[in-house]
Amino acid sequence: MSDTTREVPGLDGGEIRDWLDSLDAVIDRHGLTATGRLLQELTRRAEHAGVQLPFTANTPYRNTIPREEELAYPGDRDLEHRLKSLIRWNALAMVVRANRTEDGIGGHISTYASAATLYEVGFNHFFRATTDAQPGDLVYFQGHATPGIYARAYAEGRLTRKHLENFRRELGQGPGLSSYPHPWLMPDFWEFPTVSMGLGPIMGIYQARFQRYLEDRGLLPPSDAKVWVFLGDGETDEPESLGAITLAAREHLDNLIFVVNCNLQRLDGPVRGNGQIIQELEAVFRGAGWNAIKVIWGRDWDPMLANDAEGLLIRRMSETVDGQYQKYAVESGAYMREHFWGTHPTLLELVTHLTDNELKKLRLGGHDPAKVHAAFAAAVAHTGSPTVILARTIKGYGLGESGEGRNITHQQKKLNEDELRAFRERFGIPLSDDQLAEVPFYLPDSDSPEMVYLRERRAALGGFVPRRVARATPLTQVPAEPFVELYAGTGDREISLTMAFVRLLSRLLRDKDIGNLIVPIVPDEARTFGMEALFRQVGIYAHAGQQYEPVDHATLLSYREAKDGQVLEEGITEAGSMASFIAAGTAHATRGINTIPFFIFYSMFGFQRVGDLIWAAADSRCRGFLLGGTAGRTTLAGEGLQHQDGQSHLLAYPVPNLLAYDPAFAYELAVIIEDGIRRMYVEGESLFYYLTVENQPYAMPEMPDGARGGILKGLYRLKPSRATRPHRAQLLASGAILREALAAQTLLERYDVAADVWSVTSWAQLYRDGHACDRWNMLHPLEPPRQPYVTQCLGRAPGVVVAASDYLKALPDSLSQWLDTRVVALGTDGFGRSDTRAALREFFEVDARFITVATLGALARQGVVPPGVVAQAIGDLGIDPDKPDPTVS
Ligand SMILES: Cc1ncc(C[n+]2csc(CCOP(=O)(O)OP(=O)(O)O)c2C)c(N)n1
Ligand SMILES: [Mg+2]
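Going by the numbering used here, the letters in the sequence shown line up with residues 50 to 938, in that order.
The structure is reproduced here in structure tokens:
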């Protein structure tokens with residue numbers, strides 16, 4: 050089957066023909082695999098001789114698995130087809146009905162319509178459930194395919210008709226179904242939130258890596274469980290989708306399978322109108338070291354490909370761009386004959402035996418169970434690298450002229466009766482025309498062959514998927530010993546809160562009961578936080594161990610990588626670290642293991658960098674501790690505008706199950722972490738924590754009696770005034786700024802003000818508690834009103850209230866509403882600067898002098914202090930009243 054139409058400069062036609070004939074002979078005699086090896090050998094020899102070969106990361110535009118290597122289909126094709134058809138119908142009916150009842154409620158038909166075969170082959174043959182006997186596969190479903198997953202669960206008897214009727218109606222009577230996969234909303238069903246596109250892929254990669262980590266550390270028995278990640282081709286544009294694929298290859302994650310549903314369309318139109326998304330992705334994944342399997346053509350195309358003696362068909366396929374393929378999908382068979390096949394008489398010859406109708410129906414690979422099964426089986430059997438399956442499908446498959454392959458198909462939610470009838474015919478749904486008008490859900494009898502088959506298949510695979518189970522046995526208690534040192538304080542010795550945290554972490558790691566559950570995660574920042582001792586103590590996780598002698602081998606703190614290393618040193622990727630955090634923080638459910646992640650990062654690169662992953666962690670019911678290191682706009686000296694974080698605490702507010710604290714002292718940190726482990730791992734609450742830790746060293750006091758409750762609630766009186774003065778004030782501060790308030794307490798005595806100092810450990814907790822009380826009071830007008838905790842603390846406290854932090858003024862501002870007096874807020878709104886702490890605190894007006902002046906100013910506004918005293922203080926303290934406003938400079 051030589052193709053002699055191409056010329057090669059420098060060689061004559063006869064010579065080329067000889068070579069091609071030899072190649073054909075080898076293929077005939079030894080088959081495709083052996084020929085591949087021979088060509089590899091020839092390539093090696095040519096490269097050795099210095100021949101420059103053109104680089105190509107692509108293979109031709111056809112299926113990776115040759116027809117000869119497909120195994121016989123192991124299932125009952127007919128029953129599976131019937132099942133898939135009724136699931137298709139119920140998925141469609143769910144969306145159509147929901148939008149009839151409530152116009153605009155939304156939902157997606159076309160994503161699942163294109164992916165149904167991919168999922169059904171998976172459900173019938175591959176996705177293994179987790180049981181006592183086996184860790185099952187972890188499947189990340191494409192968010193917009195949700196109706197199909199519900200429709201299957203309905204067929205499995207796990208969801209009722211009522212559920213389906215309440216699709217996207219979670220707040221009405223009876224059980225509802227969430228629009229997309231949300232473990233927060235359906236904690237017995239969904240495991241992984243995927244609908245914010247790109248997050249599923251990156252979470253899946255780190256999940257697969259975390260499974261290895263658990264196995265290598267002896268926390269999970271080794272298994273061949275897989276992580277399956279289903280995603281859209283448009284979704285691959287998100288940086289998170291492809292941003293971590295090299296890690297998966299580097300770590301040889303052959304427990305990871307990506308399935309990209311290549312329907313060539315996204316929401317607005319084609320993904321690569323002028324190119325080929327499948328070829329583009331193949332090059333990207335192969336280049337990264339993945340095993341890429343293309344599933345482009347269904348069996349209907351096999352005869353034409355087999356007869357393509359001159360390679361014309363392959364060439365035609367390779368030169369056709371996706372926008373044009375999409376056009377063929379919506380056009381008639383006659384159009385395709387003319388425009389695709391008709392470009393060459395020999396090509397046209399290949400399809401003379403097919404009618405226009407048959408031409409139109411030529412099935413693509415992603416809609417052919419045999420091809421999909423072959424790809425899945427090859428992916429499961431593949432070792433040494435992760436696999437990506439690029440499956441060619443049609444968006445809105447089966448919706449006919451109403452939606453198949455159209456640019457509007459993503460938004461398609463309603464079908465008229467003709468369209469419903471066409472769908473019914475195409476998939477053989479036994480509903481009469483009369484019935485059709487209602488778009489009823491349809492299930493055959495429970496003892497019908499297809500329903501029996503469905504249950505048998507799932508039983509053989511261990512049970513139902515997806516299913517979320519709180520598998521872990523709670524811890525019985527939190528060990529006390531690791532915290533003791535932090536409660537005691539450091540005397541005169543100055544340490545930073547970060548250092549205090551690292552000590553605590555190190556002690557937790559040594560604890561005999563929970564030490565092996567601690568998962569320290571750091572994005573190439575361990576030295577910044579003084580954590581390098583952990584490298585030696587518990588090692589850096591590396592599946593391959595350490596295959597080199599580290600340069601600092603002889604030192605006490607050498608860089609030690611080990612197969613059972615405990616630290617996840619993620620490199621410079623906050624997104625990847627966060628994905629690891631989610632895998633570790635949800636292992637209590639996915640694997641029944643109470644791993645406790647501590648992810649420490651540059652606080653500036655947390656919420657504003659990976660906020661959406663933090664939101665996904667919240668949805669996932671993730672547990673663990675996020676630690677914003679080098680925190681505080683004025684506490685991180687020198688680093689300037691892009692490093693100094695004054696906003697993360699405000700950005701943490703919206704996350705409902707996140708508890709955010711800005712502690713100042715080691716004992717506060719200890720109380721919060723100890724109680725956090727208790728609430729999450731003993732009580733089983735679906736919470737996680739955000740703690741900021743700074744790098745300013747100072748003496749850590751011993752914990753005062755009675756402080757614990759206040760620390761957890763967010764506020765306690767740290768240092769009442771011991772002086773007697775005519776005027777009074779309450780100074781509130783958090784984090785490193787607390788010490789400025791303590792200094793201001795002394796300064797204020799000079800101006801006849803006796804001030805109490807309060808430590809605010811959590812602005813957010815005070816805010817939430819205030820609103821919770823307001824709400825309860827609103828709804829219970831006849832009951833004695835509840836008093837917010839901040840009111841209980843400060844409601845009767847005498848004098849003005851001044852509050853300062855290293856974060857935005859909005860944090861203390863919000864407390865005024867629960868006090869009789871307006872809280873005067875000092876904070877660090879504005880862009881950071883490179884300078885010393887003292888200079889920064891002056892610039893942002895949060896140092897002891899500004900707290901003093903703000904207090905006197907508030908007293909002056911109340912008329913208890915003459916304005917002259919404020920002016921006097923401004924002068925005494927060397928403050929320039931005309932200095933620039935930091936908020937806008
Ligand atoms: C981060 C993010 N951006 C935008 C969207 C909105 N959105 C939902 S589906 C979609 C198109 C999806 O196209 P593709 O990934 O190809 O999936 P298909 O439905 O074609 O399988 C978009 C833009 C989203 N869900 N998440
Ligand atoms: Mg798509």
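Just so it is clear, CB atoms sit at the ideal spot from N, CA and C, and this is done for glycine as well.
The model shown is predicted, which means the values in this text are computed figures rather than measured ones.
Of the candidates LEU263, PRO109, GLY564, ALA803, the residue whose Cα lies closest to the Cα of GLY360 is PRO109.
DSSP places HIS776 in the strand class (E or B) of the three-state scheme.
The three-state secondary structure of VAL571, taken from DSSP, is strand. Distances between the C-beta of ASP371 and the heavy atoms of ligand 2 are all 8 Å or more. Beta-bridge partners of ASN310 (DSSP): GLY281, ALA440.
Between PHE279 and ASN312, the gap from beta carbon to beta carbon reaches 9 Å or more. Comparing alpha-carbon positions, the option among LEU120, GLN911, PRO184, LEU213 lying closest to ASN148 turns out to be LEU213.
Distance between LEU141 and VAL57, taken at the CA atoms: about 54 Å. For a cut-off of 8 Å, the C-beta gap from ARG506 to ASN139 is around 18 Å, too long to register as a contact. If you draw a straight line from the Cα of GLY454 to the Cα of ARG365, it is about 21 Å long. Judged by the Cβ position, ARG315 qualifies as a neighbour of ligand 2 at the 8 Å threshold, a heavy atom of the ligand being closer than this. In this structure, the straight-line span from the alpha carbon of HIS130 to that of LEU399 is close to 29 Å.
Where VAL379 is concerned, the enclosing alpha helix (DSSP H) starts and stops at 371-379. By the Cβ-count criterion, PHE104 is exposed, with fewer than 16 other Cβ atoms from all chains shown falling within 10 Å of its own Cβ. Nearest in C-alpha terms to PRO528, of all of GLY538, ALA509, GLY564, is GLY564.
The residue among VAL188, ASP127, ILE198, ALA519 with its C-alpha nearest the C-alpha of HIS157 is ILE198.
Taking all protein chains in view, the Cβ of LYS462 is crowded by 16 or more other Cβ atoms within 10 Å, so the residue is classified as buried. Given a length threshold of 3 residues, each whole run of the beta strand (DSSP E) inside the segment 750-804 is given here in chain order: 764-768, 776-782.
Under DSSP, THR166 shares a beta bridge with no residue. Placement of the Cβ of ASN310 at a distance of less than 8 Å from at least one heavy atom of ligand 2 is found. Contact check between the segment 854-861 and the segment 690-701: three or more CB pairs, one atom from each, fall below 8 Å, which counts as touching. For ASN406, the uninterrupted alpha helix (DSSP H) run begins and ends at 405-409, by DSSP. Contact annotation, GLN595 with ARG585: C-beta distance approximately 12 Å; criterion of less than 8 Å not satisfied. The nearest non-hydrogen atom of ligand 2 is 8 Å or more from the C-beta of VAL421. TYR189 is bridged by DSSP to VAL278.
Here DSSP, grouped into helix, strand and coil, assigns LYS561 to coil.
The C-alpha of PRO572 lies about 5 Å from the C-alpha of GLY620.
Here the C-alpha atom of SER381 lies approximately 13 Å from the C-alpha atom of LEU403. No heavy atom of ligand 2 is found nearer than 8 Å to the CB of VAL170. In this structure VAL659 is in contact with GLU623, their Cβ atoms being roughly 5 Å apart against a cut-off of 8 Å.
Taken atom to atom, the span from the alpha-carbon of GLN911 to that of THR773 is near 20 Å. When only Cα atoms are considered, ALA582 and LEU606 end up about 5 Å apart. For PHE892, the enclosing alpha helix (DSSP H) begins and ends at 886-893.
Excluding sequence positions up to five before and after LEU234, its CB lies within less than 6 Å of the CB of SER227, all in the same chain and listed in chain order. For the pair ALA909 and GLN779, the Cα-to-Cα distance works out to about 15 Å. Taking C-beta separations shorter than 7 Å and ignoring five residues to either side along the sequence, the partners of GLN256 in its chain run LEU187, VAL276, ALA632, following chain order.
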